[in-house]
Structure formats: structure tokens, C-alpha cells
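Visitor: Here you go, one structure.
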Ligand code: FAD
Ligand code: NAP
């Protein structure tokens, strides 16, 4: 493969928008590497109501469905493969792929986003996929008419609790404090939903079950009292960790500067400390973690990459 003008790592809102702007802006040889279906983590969301101009009830999957096709019209190529590492030799980037191939690029825009965090209670890993889940859209239907637990007090936990309350008999919302990070109108909606019971000042202790899967969760409140909640399904929404492994070099250092949480340090142009490398979306410092801002970052990074490549190759 010829040296790419730009390699885009990740096909979420940031990567797809970078793909649209780089190709439509004149870069001819651009590949977006996405290990799964393009669209990013919002495709796991059952509802999005804050993307500008989109009104009515729409799922994350509905929102993202047209994005890849729009990019392909302008020539963006999609490689469905995981990128295991990005390195730089001289002024050329090496893109190490999960299938063993290595591509080369003049510039890189990385938008590998984040992934759901585990809450850390006993049995969580053993029962993951057997009653413990991080995706209500994917697994909620298995609990139609049954009771479930949702863990967390952020936007994701409360929005997904509302979604599950429409399918399930009852939702226990377990949160370790008595105030929420989630937007106030979402908190109000949760409080006004009859089949959501708030279990506050309580942390998950241990999930238990049998060969068929989960049968319940022990939670401990701030006075140390243990309560058994008998449910077949537990959904954890306790935040996300940044996907930055691709930037790790063989000696354990990173290709560019990161902060203590592993988020990529960028300036307002999404430029990293490594020349020719931009980072966009949820993986960057101070990310608002919204589809609209990830898309905006992707556009900003793409415009910078176009100028950089034009100057480099002229
Ligand atoms: P991501 O969406 O995480 O996309 C990154 C992509 O990179 C993924 O597709 C991943 O497969 C790919 N990838 C990762 N590593 C590699 C690799 N090594 N090689 C190849 N590909 C790789 N935001 C809102 O604005 N409104 C909402 O209502 C809203 N609701 C949400 C509900 C839920 C349940 C969740 C989880 C998030 C929600 N968000 C919402 C946040 C929003 O989804 C994110 O802010 C946004 O998706 C970030 O986009 P991104 O492109 O930075 O990363
Ligand atoms: P978050 O805002 O980080 O919230 C995580 C929640 O989980 C917090 O309430 C936290 O409790 C709790 N928690 C963390 N670790 C825990 C543990 N080990 N055990 C029990 N509880 C634990 O994560 P998020 O809700 O996934 O949201 C991530 C980002 O995406 C946010 O910026 C959010 O605004 C954004 N987002 C936006 C929308 C929207 O705009 N509609 C929708 C979804 C997500 P504490 O509160 O006590 O820390």
C-alpha cells in the first residue's frame, strides 16, 4: 500500500467526522481503521436527544447509521481491523495492524474513544455475560417483564434505567451516594418513574447465582447493612476508561504526552505533542464526552491534518 495521506484510528463520531473532512477537503489516500462496525459507543445507547437538529425518539444506532456511507461518497476507505500500535520512524507513521500487516502514513488522527469500566464487586467478572452487562440496548430484552438492577449515578446509568423501566417489571437503581452526576431533568424523570426504586448510599458487594446465571446482588449501605436484591440481571454503568493502548510503544512509553488518567494531552487544534498526530473525541483531555463534541474534534483535527500534509508534500 502507498504511504497514506492520513490514517484515522477509530470509527466513532470523532473518526468518522475526521474521515469526512479529510476526504472532502482534498486528501486522497485516507483509511479509517475500525475494529468493529463504525459508529462508536453511542450505538449502544437506546436514546439520544441532544444531537443538534435531530428531534424525536432516535436510538444511537439510528443516528450513526448514515455516517459511514456519507464518508465513503468522498473516498474514505474503511479497514475493519484493530490497530495494535502506532509508532513514528523519521517523519512517517507506522500503523501496526491486528492481522500482522504494517501500513505507513504521513499523518494520523486517533479517536479510539473509551470503554465501560468494571465496578469491581465480587463475582462481577465471573458473571459477566451471564447476567451482568454494560449494555441495556443489547441485553435489556432478555429481562422483559423481570426485575433488574442498574448500578451508577451518571447520565448513562439514569438514561439506561429509564430505558429498562419500559421493558422490565422493576428497576432497582443502586447508587453509592444520594446525589447524582446526571442531568437534573433526567434525575427528575427517574424519580417520577413508578417502577424505578432508588437504592441510595449503597454499593454493590457481591453478585451471586447458579449455573443458569445471576440470581441476585448483595448491596451494602453506608451504615454497613447488607440488602439482598433478587434479580436475574445487573447492568453496570460506572464510567469509562480511555482506549490509549494503541499509542503505547514497545518500551512502555507513549507516542505522545498523556495526563495521569491516560487521556491524550492536546491543544485547541487537537494537536498532540507528536508532530503529525492529532487526538479527537472522548480520549482527549477535558473531553465533554458528547457525540457533537467528538464530531467537532474530528473536524478540527482533519482541517489541521490537511494543512500539515499539503505543506509536507509540497
Ligand atoms: P467512541 O464512540 O468510543 O468510538 C471509538 C471507536 O474506535 C469505536 O468504534 C472502537 O471500536 C474503535 N476502536 C477503539 N480502539 C481501536 C483500535 N485499536 N483499532 C481500531 N478501532 C478501534 N453522548 C451524547 O452526546 N448524547 C447522549 O445521549 C449519549 N448517550 C450515551 C449513552 C451511552 C450508553 C454511552 C456509552 C455513551 C453516550 N454518549 C452520549 C457519549 C458518546 O457516545 C461519546 O461521547 C462518543 O461516542 C465519543 O465518540 P468517539 O468517536 O470519541 O469514541
Ligand atoms: P460518569 O459520569 O463517570 O458516572 C459514573 C457513575 O458511576 C457515578 O455516579 C459514580 O459514582 C459511579 N461509580 C463509579 N465507580 C463506581 C463503582 N466502582 N461502584 C459503584 N459506582 C461507581 O459515567 P457515565 O454516566 O458513563 O458518563 C460518562 C460521560 O458521558 C459523562 O461525561 C456523561 O455526561 C456523558 N454522557 C452524556 C449523556 C448525555 O448527554 N445525555 C449520556 C450518557 C453519557 P459517583 O457519582 O459517586 O462518582
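In UniProt numbering, the protein residues as written are 1 to 314.
Note that the Cβ used here is the ideal one computed from N, Cα and C, for glycine as well.
DSSP on residue 187, reduced to helix/strand/coil?
Guide: In the structure shown, residue 187 sits in a helix (DSSP, three-state: H, G or I).
Visitor: Can you name the start and end residues of the alpha helix (DSSP H) that residue 165 belongs to?
Guide: Its alpha helix (DSSP H) spans residues 155 to 167.
Visitor: Helix or strand or just coil, what does DSSP make of residue 33?
Guide: Looking at residue 33 - three-state DSSP - the assignment turns out to be strand.
Visitor: Indicate whether residue 272 and residue 256 have their beta-carbon atoms separated by less than 8 angstroms.
Guide: Taking 8 angstroms as the Cβ cut-off, residue 272 and residue 256 qualify as a contacting pair.
Visitor: DSSP puts residue 128 in a beta bridge; with which residues?
Guide: Partner(s): 132.
Visitor: Nearest to residue 41 by alpha carbon, out of 22, 12, 67, 72?
Guide: Comparing Cα positions, the closest option is 12.
Visitor: Buried or exposed: residue 115, going by 16 or more other Cβ atoms within 10 Å of its Cβ?
Guide: Exposed, because fewer than 16 other Cβ atoms sit within 10 Å of the Cβ of residue 115.
Visitor: Is it true that the CB of residue 145 sits closer than 8 angstroms to the CB of residue 283?
Guide: No, Cβ-Cβ distance for residue 283 and residue 145 is not below 8 angstroms.
Visitor: Do you know whose CA, among 301, 275, 1, lies nearest residue 281's CA?
Guide: Looking at the Cα atoms, 301 is the closest of the given residues.
Visitor: Just to confirm the assignment, what range does the beta strand (DSSP E) spanning residue 88 have?
Guide: Residues 83 to 89.
Visitor: Using the C-alpha atoms, what's the distance from residue 18 back to residue 342?
Guide: Since the first residue of the chain shown is 1 and the last is 314, residue 342 is not available in this structure.
Visitor: Spell out the partners DSSP gives residue 236 in its beta bridges.
Guide: 151, per the DSSP bridge assignment.
Visitor: Which one of 31, 29, 96, 50 has the shortest CA to CA distance from residue 292?
Guide: When each option's Cα is compared against that of residue 292, the closest is 50.
Visitor: Contact check, residue 67 vs residue 16 under 8 angstroms by CB: the rounded distance?
Guide: Yes, residue 67 and residue 16 are in contact; Cβ-Cβ is about 5 angstroms, under 8 angstroms.
Visitor: Can you tell me the Cβ-Cβ gap for residue 214 and residue 127, rounded? I've got them flagged as a contact below 8 angstroms.
Guide: Yes, they are in contact, since the Cβ atoms of residue 214 and residue 127 sit about 5 angstroms apart, within 8 angstroms.
Visitor: If you run the structure through DSSP and keep just helix, strand and coil, what is residue 103?
Guide: Strand at residue 103.
Visitor: My understanding is that residue 157 touches residue 150, with C-beta atoms under 8 angstroms, so please give their C-beta distance in whole angstroms.
Guide: Right, the Cβ-Cβ distance comes to about 6 angstroms (below 8 angstroms), so this counts as a contact.
Visitor: For residue 109 and residue 6, which I take to be in contact (beta-carbon distance under 8 angstroms), what is that distance rounded to the nearest angstrom?
Guide: Yes, they are in contact, since the Cβ atoms of residue 109 and residue 6 sit about 6 angstroms apart, within 8 angstroms.
Visitor: Excluding sequence positions up to five away, which residues of its chain have a Cβ less than 7 angstroms from the Cβ of residue 196?
Guide: Correct list, in chain order: 161, 165, 171, 173, 190.
Visitor: Could you tell me the boundaries of the beta strand (DSSP E) in which residue 116 lies?
Guide: Note, residue 116: beta strand (DSSP E), 114 to 116.
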